[in-house]
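Start counting the sequence shown at 1; every next residue gets the next number (full-length UniProt numbering). Even glycine gets a Cβ: it sits at the ideal position worked out from N, Cα and C. All values derive from a computational prediction rather than experimental measurement. To keep things clear, I will list the structure first and then write my remarks on it.
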Amino acid sequence: MTFFDTHRSGDLISRLSADTNLVGRTLSGNLSDGLRSLAMSTAGLSMMVYVSGKLTAVMMVIVPPIAIVSVIYGRYVKELSRKTQGALGDITKVAEERIGNIRTVQAFTREKDEQDRYDTQVQEVFGLAKKEAMASGIFFGGAGLSGNLTVLAVLGMGGNMVMSQAITVGELTSFLLYTAYVGSSLMGLTSFWSEFMKGVGASGRVFDLLDRRILDALRGTITFENVRFAYPSRADSSIFRGLDFTVDPDTVLAIAGSSGGGKSTIASLLLRYYDPQEGRILVDGTDIRELDLAWWRQRVGIVSQEPILFAGTIEENIAYGRSGSTPKEVRAAAEQANCASFIQSFPDGFNTYVGERGISLSGGQKQRIAIARALLKNPTILILDEATSALDAESEHLVQEALDRLTQNRTVLTIAHRPSTLAASDVVMCLQSGRMGEMGTFGELMMREEGIFRSLMEHQVIGQSRGMPLLPGSTSMLVEKGR
Ligand SMILES: Nc1ncnc2c1ncn2[C@@H]1O[C@H](COP(=O)(O)OP(=O)(O)O)[C@@H](O)[C@H]1O
Ligand SMILES: [Mg+2]
Numbered sequence: 001m002t003f004f005d006t007h008r009s010g011d012l013i014s015r016l017s018a019d020t021n022l023v024g025r026t027l028s029g030n031l032s033d034g035l036r037s038l039a040m041s042t043a044g045l046s047m048m049v050y051v052s053g054k055l056t057a058v059m060m061v062i063v064p065p066i067a068i069v070s071v072i073y074g075r076y077v078k079e080l081s082r083k084t085q086g087a088l089g090d091i092t093k094v095a096e097e098r099i100g101n102i103r104t105v106q107a108f109t110r111e112k113d114e115q116d117r118y119d120t121q122v123q124e125v126f127g128l129a130k131k132e133a134m135a136s137g138i139f140f141g142g143a144g145l146s147g148n149l150t151v152l153a154v155l156g157m158g159g160n161m162v163m164s165q166a167i168t169v170g171e172l173t174s175f176l177l178y179t180a181y182v183g184s185s186l187m188g189l190t191s192f193w194s195e196f197m198k199g200v201g202a203s204g205r206v207f208d209l210l211d212r213r214i215l216d217a218l219r220g221t222i223t224f225e226n227v228r229f230a231y232p233s234r235a236d237s238s239i240f241r242g243l244d245f246t247v248d249p250d251t252v253l254a255i256a257g258s259s260g261g262g263k264s265t266i267a268s269l270l271l272r273y274y275d276p277q278e279g280r281i282l283v284d285g286t287d288i289r290e291l292d293l294a295w296w297r298q299r300v301g302i303v304s305q306e307p308i309l310f311a312g313t314i315e316e317n318i319a320y321g322r323s324g325s326t327p328k329e330v331r332a333a334a335e336q337a338n339c340a341s342f343i344q345s346f347p348d349g350f351n352t353y354v355g356e357r358g359i360s361l362s363g364g365q366k367q368r369i370a371i372a373r374a375l376l377k378n379p380t381i382l383i384l385d386e387a388t389s390a391l392d393a394e395s396e397h398l399v400q401e402a403l404d405r406l407t408q409n410r411t412v413l414t415i416a417h418r419p420s421t422l423a424a425s426d427v428v429m430c431l432q433s434g435r436m437g438e439m440g441t442f443g444e445l446m447m448r449e450e451g452i453f454r455s456l457m458e459h460q461v462i463g464q465s466r467g468m469p470l471l472p473g474s475t476s477m478l479v480e481k482g483r
């Protein structure tokens with residue numbers, strides 16, 4: 001995740017398509033070309049020396065200068081090609097982001113500006129490509145010219161040697177043929193080494209998988225032990241400064257706290273998108289860093305405020321929860337998540353396309369598909385990150401019902417603002433200044449005079465009565481219930 005925070009997706013996509021292509025070419029084409037060139041030039045050179053040592057010496061005068069120039073040229077081109085790839089990445093980045101959010105662009109009628117921005121970047125790539133074309137024109141032109149001049153020199157000297165009967169016409173002819181042979185292989189050899197090294201460097205990153213362990217019977221006790229954490233891209237501001245808490249299996253823990261307090265960060269740490277700088281996160285007493293990452297992530301499910309759907313059918317999106325799931329399992333999960341009725345109302349049913357990022361579905365529908373996906377995954381530990389915050393009262397009811405089924409028999413961490421959700425949890429933890437501020441049942445925390453949680457709730461109610469209509473589960477009712 002640290003990597004993804006600092007690299008934008010367009011750039012990565014360009015690397016995936018363009019750079020891997022380069023590595024592929026290097027490894028397949030270049031390696032065999034290089035070895036062939038090496039064999040050919042060695043054999044050709046030996047034959048040249050055998051035919052005439054003197055003429056070979058003349059030929060060799062040209063080799064060192066060309067070698068030096070080609071090293072310099074190679075470095076220059078490498079730098080240029082790095083810049084070109086970077087500029088290409090920028091182009092893809094701009095296009096991907098703007099086209100992906102075309103509605104926003106259109107809403108602000110910024111089409112012309114975006115076109116201009118794209119145009120500027122195309123011009124930049126064009127400029128770099130022109131430079132590269134110029135450089136290779138000069139280099140290959142120069143190399144060709146000096147090669148031809150050498151051949152002329154050999155012809156002149158060789159002609160004299162034939163006249164003085166030092167060698168025969170046949171020997172001169174075969175010498176020239178060998179020269180052409182060696183010349184073409186040397187050309188191939190010059191680019192071989194640098195290209196090959198580039199390929200080796202790029203492929204090294206692929207092989208950094210680690211061998212990790214798994215737990216036999218996962219119960220799902222989660223412990224944060226003195227966790228200190230700051231996002232690597234903003235290392236100077238600590239989100240957590242010694243966070244300590246424990247959740248027992250089969251418990252619903254609600255996490256409360258002000259916006260930006262680090263609630264979602266807890267989810268990121270649990271999923272090991274990031275690791276804490278200090279302290280440990282334990283599951284059943286084992287540090288999650290010792291666990292096999294894929295195994296661990298399979299056991300943690302997350303439903304977030306903005307469920308991410310991929311362009312594809314509803315069926316594909318639900319089935320994404322677990323690879324190898326059958327259509328029957330997908331339908332059962334949809335049923336449990338209260339999806340079935342709205343899916344059946346679509347003419348194409350489960351084969352309905354959801355559009356890019358699920359744009360053709362309502363918030364509540366997307367949310368329920370995300371819940372079906374999590375149900376299918378059947379995780380031991382479930383994180384609900386403001387899963388109902390963005391919904392209206394009616395779809396909230398349907399989603400809440402689905403969530404209630406999802407939260408049975410698991411360790412659940414639910415991040416919520418709604419008093420109704422908080423009151424329905426087993427324990428509430430309230431974050432404050434990067435630490436666990438308060439922890440207890442909803443009723444206990446609401447009873448505390450001057451309590452952090454209580455004042456958080458009170459602020460929320462004031463905000464609600466000022467702006468939004470009061471929701472069915474307003475705090476005053478719930479305080480009663482909590483007591
Ligand atoms: N990927 C990230 N890189 C840097 N800072 C981040 C990142 N994600 C969140 N933050 C910052 O961390 C803080 C806590 O964020 P978050 O856990 O999302 O808060 P909450 O969910 O409680 O509203 C915020 O100040 C936010 O700006
Ligand atoms: Mg959040």
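In the DSSP assignment, Leu382 falls within the beta strand (DSSP E) that extends over 381-385. No heavy atom of ligand 2 is found nearer than 7 Å to the CB of Glu335. DSSP, reduced to helix, strand and coil, places Ile415 within a strand of the structure shown. Shown here for Pro276: same chain residues with a beta carbon closer than 8 Å to its own, the five before and five after excluded, namely Val227, Arg228, Phe229, Phe240, Leu269 in chain order.
Secondary structure of Tyr353 (DSSP, three-state): strand. If you check the C-beta of Ser389 against ligand 2, you find no heavy atom less than 7 Å away. Our two residues, Ala402 and Cys430, have alpha carbons roughly 25 Å apart in a direct line. When distances are taken from the beta-carbon of Ser233 to the heavy atoms of ligand 1, the shortest one is below 7 Å. Judged by beta-carbon spacing, Phe192 lies within the 8 Å limit of Asn30, meaning their Cβ atoms are closer than that value. As the crow flies, the alpha-carbon of Gly86 is around 11 Å from that of Leu128. For Met429, DSSP records a beta bridge to Ile255, Met439.
Sequence-distant Cβ neighbours of Pro249 in its own chain, meaning closer than 7 Å and more than five residues away, are Arg219, Gly220, Thr221, Thr411. Contact annotation: the stretch 112-127 does not touch the stretch 168-186, with fewer than three C-beta pairs closer than 8 Å. The beta carbon of Glu386 sits closer than 7 Å to at least one heavy atom of ligand 2.
Secondary structure in the stretch 280-313: the beta strand (DSSP E) runs of 3 residues or longer, each lying completely within the stretch, are 300-304 in chain order. Taking the Cβ of Thr265 as the reference point, at least one heavy atom of ligand 1 falls within a distance shorter than 7 Å. In this structure, the beta-carbon distance from Gly321 to Val354 does not fall below 8 Å. Considered as a whole, the stretch 93-134 harbours 102-107 as its complete alpha helix (DSSP H) runs of no fewer than 4 residues, in chain order. Taking the Cα positions, Leu375 is about 24 Å away from Ala256. The DSSP assignment places complete alpha helix (DSSP H) segments of no fewer than 4 residues inside the stretch 324-354 at 327-336, 340-345, in order along the chain.
The Cβ neighbour count for Met59, taken over all protein chains shown within 10 Å, is at least 16; the residue is labelled buried. Below 8 Å, enough C-beta pairs join the stretch 330-342 and the stretch 361-381 to call them touching: three or more.
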